[in-house]
Structures are given as C-alpha cells and as structure tokens.
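Heads up: the structure comes next, in structure tokens.
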Amino acid sequence: MRPRQWFKSFYVLFGAAPAIFLLPSNLYMASLLIVFGIINLVLVQGAMYIINDIADIEKDRKHPSKKFRPIASGAIPIKGAYAFAAVLLAAAFLLGLALNPIILAIDVFLFLNNIVYSFKPRLKDMKYIDIFSVALNFPLRVMAGWYLFEPFNQARFSLNFNIASAAVSPDTIQALLFNAPPRIIEMSVKFSSVTASGISIIFLSYFLAVFLLSMKRIAEKRDADIEKLRKVLKNYSIPQLKAISIFSALLSVISFIILALSLKPLLALLAPIFAYMMRWYYRLGFEKDSLVKEPEKIFTKSPKFIAVSALILILSGIILFL
Numbered sequence: 001m002r003p004r005q006w007f008k009s010f011y012v013l014f015g016a017a018p019a020i021f022l023l024p025s026n027l028y029m030a031s032l033l034i035v036f037g038i039i040n041l042v043l044v045q046g047a048m049y050i051i052n053d054i055a056d057i058e059k060d061r062k063h064p065s066k067k068f069r070p071i072a073s074g075a076i077p078i079k080g081a082y083a084f085a086a087v088l089l090a091a092a093f094l095l096g097l098a099l100n101p102i103i104l105a106i107d108v109f110l111f112l113n114n115i116v117y118s119f120k121p122r123l124k125d126m127k128y129i130d131i132f133s134v135a136l137n138f139p140l141r142v143m144a145g146w147y148l149f150e151p152f153n154q155a156r157f158s159l160n161f162n163i164a165s166a167a168v169s170p171d172t173i174q175a176l177l178f179n180a181p182p183r184i185i186e187m188s189v190k191f192s193s194v195t196a197s198g199i200s201i202i203f204l205s206y207f208l209a210v211f212l213l214s215m216k217r218i219a220e221k222r223d224a225d226i227e228k229l230r231k232v233l234k235n236y237s238i239p240q241l242k243a244i245s246i247f248s249a250l251l252s253v254i255s256f257i258i259l260a261l262s263l264k265p266l267l268a269l270l271a272p273i274f275a276y277m278m279r280w281y282y283r284l285g286f287e288k289d290s291l292v293k294e295p296e297k298i299f300t301k302s303p304k305f306i307a308v309s310a311l312i313l314i315l316s317g318i319i320l321f322l
C-alpha cells in the first residue's frame, strides 16, 4: 500500500479548506469528514499501487530499489495481491458512496485512470501523456475534499445563485449596481468567491503536479540506471522536460495568486515565497542523487522545505483569521 505515498491523500485538505473557510461548517463534523475523506483516498490509492506493482512485476525485479517491494520480491503472491486490492477497492467505493456519490465517481475515475496507465494502452509508456495522466490524480483528490462538504453546502450555493439571479433583471445592469439590496450583492459576491476558489485550486493542484512530475523525470533521465528501466524516458530530452517544468511552474504561481485573491487578498503577499520554493525545487532537480526522484522524501529529509512550508501555512492561517 506504500504508506510513504499516503501524503498524496492529504491533498483532500486543499479542497476542503476553501469550502470550510468560505462556508463555515461545524468544526467537529468538518474534522470527521476530512478524516473519512483521507481514509477513502488511502484505500483507493492502496488498490492502485497494488495493481501497478502487479503490472510492472518483471521490470520492478530488475530495478535497484523496487525489487524489494512485496510483490516483486515474491513475499506476496499475485493472486493474494489481487484479492487484497479488491477488498480495498470495495471498501473505498462503499465509503465514497456514503460520503457523496460524486466522491464515489472520483474514486472510480482515479482507479480507471490507473488501469489505463498501468495496462493497455499503458499511458505510462507514452511521452507527455504519462506526466499529464498522473497529474490528473491530484486535482481529483482536491475535488474529493471540496465535495466532502457539497451535500451540506449545496443549499447555500443554490440560495446564493438563485437570489442573485432572481433579483437582477436580465435586461439591465443597473439593477445590480443601484437597485439590489446590499445583502443580495454580498451573497452574489460570496458565490463568486466560492467559484473562483474552487476552480483556481483545481488548476493549482494540476499544474503543481505537472511541475513535480516533470522534475522527477529530469532527475530520472540524468540517472543512467533508471533510464534503462523506464521506457518512456528514452523519448524525452532534458530541454523538453525543462520547458514543461518551467511553464507548469509559471501557471502554478498564477493559480496560487488567483486562489489567494479569491480567499483573502493579503494571501497574495505569500506568492513570492511560493515562487521561491518552486525555483529552489527546480534547481534541486539537477543535483546528483536528487531527492526529486522520490518527492515524498522531501517531507522528511529537507529541513529547508519543511521550514518554508510551515512558514507558509502559519502565515496563511494568520492572514485568513485576522
């Protein structure tokens, strides 16, 4: 199940946070929903990794580190692995359905994306598509966080939209500018903030994932042993991957600024710190034996990343609750 990869399931927090901030919910209920949301994604992710390890069993046996994985090493038989994956998937689907049918749909899409990634047409062997298909999993996790709260906030979303729509005459803008009561204008603005936050955080998570994955490919490309084992790396060149990483980094910063402005304009002051971290990570990718090859290690083996990330979170919290 690769516990060291479970941090990816915490992307659910990035989807849940704007929903909680913009449309406050009961703190106990919100915490409970987030815990169940993370468990749901961990279960789906566990099944995905098991299926992926089965598909790559022969290649993993030749890999310097992956050969020690339970399935590749023979510690777990393939039939047993399939059975365990089925149990995890069934539990995830049932929990997803209980939380919100849309989360169940996200679970199914995540799993199907992994199937076509690992088996025919095997997207992991296709240039560019391998990066973009894996990156798609990250905004899906963010959406799961958002939709954890959708059943409870849907009435308010609809109320904001319907009141604003009913109050504004379709053939005149003056109704909104001069005739609409302040309360209706306030609710309309709130609805717009929710929409902007939801869209921008999805784009941010996607472009950030593309950046991380393209940097991982750069680090792998520079490692001759890994390049021999990963078929798709032979189709890439370092300049191509650099172009993808720089462009996705730029779009990530833009998305971050839009998200910040939609939540609280002062948050945009953190954009330079965010951009600095992107630049630092980019340079890290060109170091020998870079941690970028295994991004999850950044969370435990890079004091600089931990310190700056903590600073961003603390400052964000202070600004949001000023």
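FYI, the numbering for the sequence shown is 1 to 322, going by the numbering used here. We put the beta carbon where it would ideally sit given N, CA and C, even for glycine.
**Asked** Should Ser-188 go down as buried or exposed, given a rule of 16 or more other Cβ atoms within 10 Å for buried?
**Response** Caution is warranted here: a pLDDT of 42 is assigned to Ser-188, below 50, making its placement in the model unreliable, and the coordinate value is therefore given only provisionally. Ser-188 should be labelled buried.
**Message:** So, for Leu-177: in the same chain, excluding its five sequence neighbours on each side, which residues have a beta-carbon less than 7 Å away from its beta-carbon?
**Reply:** Reliability fails at Leu-177, whose pLDDT of 38 lies under 50, so the model's placement of it is uncertain and the value that follows must be treated cautiously. Cβ within range, chain order: n/a, list empty.
**8 Å Cβ cutoff met for Leu-99 and Leu-32** = no
**Message:** Rounding to the nearest angstrom, what Cα-Cα distance links Val-323 and Lys-62 in this structure?
**Reply:** As displayed, the chain neither begins before 1 nor continues past 322, which places residue 323 out of reach and without an answer.
**Prompt:** Taking C-beta to C-beta, are Gly-46 and Ala-144 nearer than 8 Å?
**Reply:** no
**Message:** Contact defined as beta carbons within less than 8 Å: I believe Ala-81 pairs with Ile-115. What is the distance between those atoms, to the nearest angstrom?
**Reply:** Actually they do not touch by this definition, with Cβ atoms about 15 Å apart.
**Request:** Tell me whether the beta-carbon of Leu-208 lies closer than 8 Å to the beta-carbon of Lys-221.
**Result:** no
**Message:** DSSP three-state label for Tyr-236, please.
**Reply:** coil
**Request:** Report yes or no: do three or more beta-carbon pairs, one from the stretch 261–271 and one from the stretch 195–203, lie closer than 8 Å?
**Result:** yes
**Asked** Residues in its own chain within less than 6 Å of Ala-155 by CB, not counting five upstream and five downstream?
**Response** Only weak support is given to the placement of Ala-155: the predicted model assigns it a pLDDT of 43, under 50, and the value that follows is read from those uncertain coordinates. Excluding positions up to five away in sequence, the list is empty.
**Collapsed DSSP secondary structure at Asp-223 in the structure displayed** = coil
**Message:** Let's see if you can read the secondary structure: which residues bound the alpha helix (DSSP H) around Tyr-282?
**Reply:** 271–284
**Prompt:** Between Pro-272 and Tyr-282, what straight-line distance do the alpha-carbon atoms span, to the nearest angstrom?
**Reply:** 15 Å
**Asked** From what residue to what residue does the alpha helix (DSSP H) around Asn-40 run?
**Response** 27–55
**Prompt:** Which of helix, strand or coil does DSSP assign to Met-126?
**Reply:** coil
**Request:** Given a cut-off of 8 Å, decide if Val-44 and Phe-132 are closer than it, judged by their beta-carbon atoms.
**Result:** no
**Prompt:** Among Val-134, Ile-50, Lys-67, Leu-94, which one has its Cα closest to the Cα of Phe-84?
**Reply:** Ile-50
**Request:** Could you spell out the range, first to last residue, of the alpha helix (DSSP H) harbouring Asp-107?
**Result:** 101–118
**Three-state class that DSSP yields for Gly-74 in the structure shown** = coil
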